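Undergrad:
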Amino acid sequence: MVNIQGKSLITIILKKMRNIIIKTVFILFVGASLSFTTKQYKFTNPIKTLATFQGYDEYGFTFSFINEEGDEDVVTFETISDKILKMYNLKDNKFLEEEFEIIYEYKKSDDDIEEPILQSIKKVK
Numbered sequence: 006m007v008n009i010q011g012k013s014l015i016t017i018i019l020k021k022m023r024n025i026i027i028k029t030v031f032i033l034f035v036g037a038s039l040s041f042t043t044k045q046y047k048f049t050n051p052i053k054t055l056a057t058f059q060g061y062d063e064y065g066f067t068f069s070f071i072n073e074e075g076d077e078d079v080v081t082f083e084t085i086s087d088k089i090l091k092m093y094n095l096k097d098n099k100f101l102e103e104e105f106e107i108i109y110e111y112k113k114s115d116d117d118i119e120e121p122i123l124q125s126i127k128k129v130k
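The numbering used here applies: residue 6 is where the sequence shown begins, and numbers increase by one.
The structure is reproduced here in structure tokens:
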């Protein structure tokens, strides 16, 4: 057996192999963890429409509007950004039945669930 400064060659090789294996397992673990937690979202084209605010409840913020076919339709936003809520406190009844120009789009997740996301809002006078 060959000794290098009091250590055998086999001991040195085993320590290096152990370090390589530990690093490899760590990298694989981190990569696998990230692949399970990262959700990909796709956004559709923005939709711009005039809409009437119908109110806020446990489901979210609801607006009614006339769709492309001329029928009345509704869209409910589960959440609205703090920036928009600072401009218009839609949790208050003050804006019920008020007309707004809204721009929104649908966020589509990997599991094909679409959620409307309000991008901008402007009160129509």
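The beta carbon of each residue, even a glycine, is placed where N, CA and C say it ideally should be. Quick caveat: nothing in here was measured; it's all calculated off a predicted structure.
I need the straight-line Cα distance from D97 to V30, nearest angstrom please.
TA: Looking up residue 97 in the sequence shown gives position 92. Looking up residue 30 in the sequence shown gives position 25. Taking the straight line from one Cα to the other gives about 53 Å.
Undergrad: Counting only the same chain and skipping the five closest in sequence on each side, list residues whose C-beta sits under 7 Å from that of I71.
TA: Translated into the one-based positions of the sequence shown, residue 71 becomes position 66. Cβ within range, chain order: E77.
Undergrad: Out of N50, G75 and E104, state which residue places its alpha-carbon closest to the alpha-carbon of F68.
TA: Along the sequence shown, read from residue 1 onward, the residue named residue 68 stands at position 63. Nearest C-alpha to F68: E104.
Undergrad: Under the rule that 16 or more other beta-carbon atoms within 10 Å means buried, what is Y64, buried or exposed?
TA: For the purposes of this step, residue 64 is identified with residue 59 of the sequence shown, where counting begins at 1. Per the 10 Å Cβ criterion, exposed.
Undergrad: Report the rounded CA-to-CA distance for K53 versus S38, giving the unit in angstroms.
TA: Stepping through the sequence shown from its first residue, residue 53 is reached at position 48. Stepping through the sequence shown from its first residue, residue 38 is reached at position 33. Approximately 38 Å between the Cα atoms of the pair.
Undergrad: If P121 and V79 are in contact, beta carbons under 8 Å, what's the gap, nearest whole angstrom?
TA: Stepping through the sequence shown from its first residue, residue 121 is reached at position 116. Stepping through the sequence shown from its first residue, residue 79 is reached at position 74. With a Cβ gap of about 10 Å, P121 and V79 do not count as contacting.
Undergrad: With a cut-off of 8 Å on the beta carbons, I'd call F58 and L101 a contact; round off their distance for me.
TA: Residue numbering aside, residue 58 sits at position 53 when the sequence shown is read from its first letter. Residue numbering aside, residue 101 sits at position 96 when the sequence shown is read from its first letter. With a Cβ gap of about 6 Å, F58 and L101 count as contacting.
Undergrad: Beta-carbon separation of K91 and E106 under 9 Å?
TA: Your numbering for residue 91 matches position 86 in the sequence shown. Your numbering for residue 106 matches position 101 in the sequence shown. The answer is no: Cβ separation not under 9 Å.
Undergrad: Excluding the 5 residues preceding and the 5 following E83 in the sequence, name in chain order all residues of the same chain whose CB lies nearer than 6 Å to its CB.
TA: Here the question's residue 83 lines up with position 78 in the sequence shown. For E83, where only same-chain residues beyond five positions count, the Cβ hits under 6 Å are G65.
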